[in-house]
Every structure is written in C-alpha cells, then in structure tokens.
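A short worksheet on the structure shown next.
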Amino acid sequence: MTIHLKKAKVDRKPWYHDIWEYLREGVYPPKEVENDKRTLRRLVVGFFLSGVILYKRSADLTLLRCVDDQEAQEIMKEVHEGTVGTHTNGHALAHKILRVGYYWTKMESDCC
Numbered sequence: 028m029t030i031h032l033k034k035a036k037v038d039r040k041p042w043y044h045d046i047w048e049y050l051r052e053g054v055y056p057p058k059e060v061e062n063d064k065r066t067l068r069r070l071v072v073g074f075f076l077s078g079v080i081l082y083k084r085s086a087d088l089t090l091l092r093c094v095d096d097q098e099a100q101e102i103m104k105e106v107h108e109g110t111v112g113t114h115t116n117g118h119a120l121a122h123k124i125l126r127v128g129y130y131w132t133k134m135e136s137d138c139c
C-alpha cells in the first residue's frame, strides 16, 4: 500500500507579517474580508514600527521586539542555558524573555 501525500505549501512569513505590512504600507492581506480588516486595525494599535523592526507595547508600555520562530528558538536557548542566566524552565523562562525585551505569540507554550 502506497500513500501519496501532497506537499503542504509552507508559508515562510513570520507570524507578525500582516501587522508589519499594514503598519508599513497601510495595506491589508489579499482577499481579506471586512471583519478581518477590522480585527487587524484593532490589533495594530498595540504594535509600533521603528524602521523595519516591529515592537509590541506591553501593559507597562515597554516595547518588546517581535521575533520570528527561528529567532525565538535562539532566544529561548540563550536565556535558558546561555550567558543571560541560569537554567530556567516554564513560565519563569517566558517572563525572563519578556524582561529582556522579546515577544512572539506562542511564547508561553514554547517555553513550557
């Protein structure tokens, strides 16, 4: 028995691409429905674009640099076992990463 699987098209864009593009160019993703456009407009209020770098404003107005999945893996490794600190785990690791100024949407689940 042979199973043929179609290769999934991998979207190489970072999780924040639509936010970045909207703040940079003022354009919506292609084929976006009105409800999604409204959601994006509300969402971008919490973000700030400085040059080509996207930041998220935290509750205390600290700017957290938005990173993609590859950068997130490197940051977790460095904070967990590198020069930044001791071998931290779980939620403590996520909070430590926030304190040094980085953010990604799956931070809590990636660290735990």
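My numbering numbers the first residue of the sequence shown as 28 and each following residue consecutively.
Just so it is clear, CB atoms sit at the ideal spot from N, CA and C, and this is done for glycine as well.
Three-state secondary structure assigned by DSSP to residue i
i      : result
Lys58  : coil
Ser77  : strand
Leu120 : helix
Lys64  : helix
Leu88  : coil
Lys83  : strand
Val106 : helix
Option in the options with minimal Cα separation from residue i
i      : options                         : result
Val79  : Lys123, Val94, His107 and Arg65 : Val94
Pro92  : Gln100, Ala86 and Ser77         : Here residue 92 is Arg; the residue named in the question, Pro, does not match the sequence. Considering only alpha carbons, the answer is Ser77.
Thr89  : Phe75, Gln97, Glu108 and Glu101 : Phe75
Gly128 : Tyr49, Glu59, Ser85 and Glu48   : Ser85
Arg65  : Asp45, Asp137, Thr132 and Leu81 : Asp45
Asp137 : Lys83, Ala99 and Lys123         : Ala99
Arg39  : Asp96, Glu61, Val60 and Arg126  : Asp96
Asp87  : Arg126, Cys139 and Glu101       : Arg126
Identified DSSP bridge partners for residue i
i      : result
Cys139 : Paired residues: none, contrary to the question.
Lys40  : The partner list for Lys40 (beta bridge, DSSP) is empty, contrary to what the question assumes.
Tyr129 : Arg92
Proximity below 9 Å, CB of residue i to CB of residue j
i      : j      : result
Glu135 : Ala119 : no
Trp131 : Trp47  : no
Arg69  : Tyr49  : no
At a cut of 8 Å, does the stretch 54-70 reach the stretch 100-109 through at least three beta carbon pairs? no
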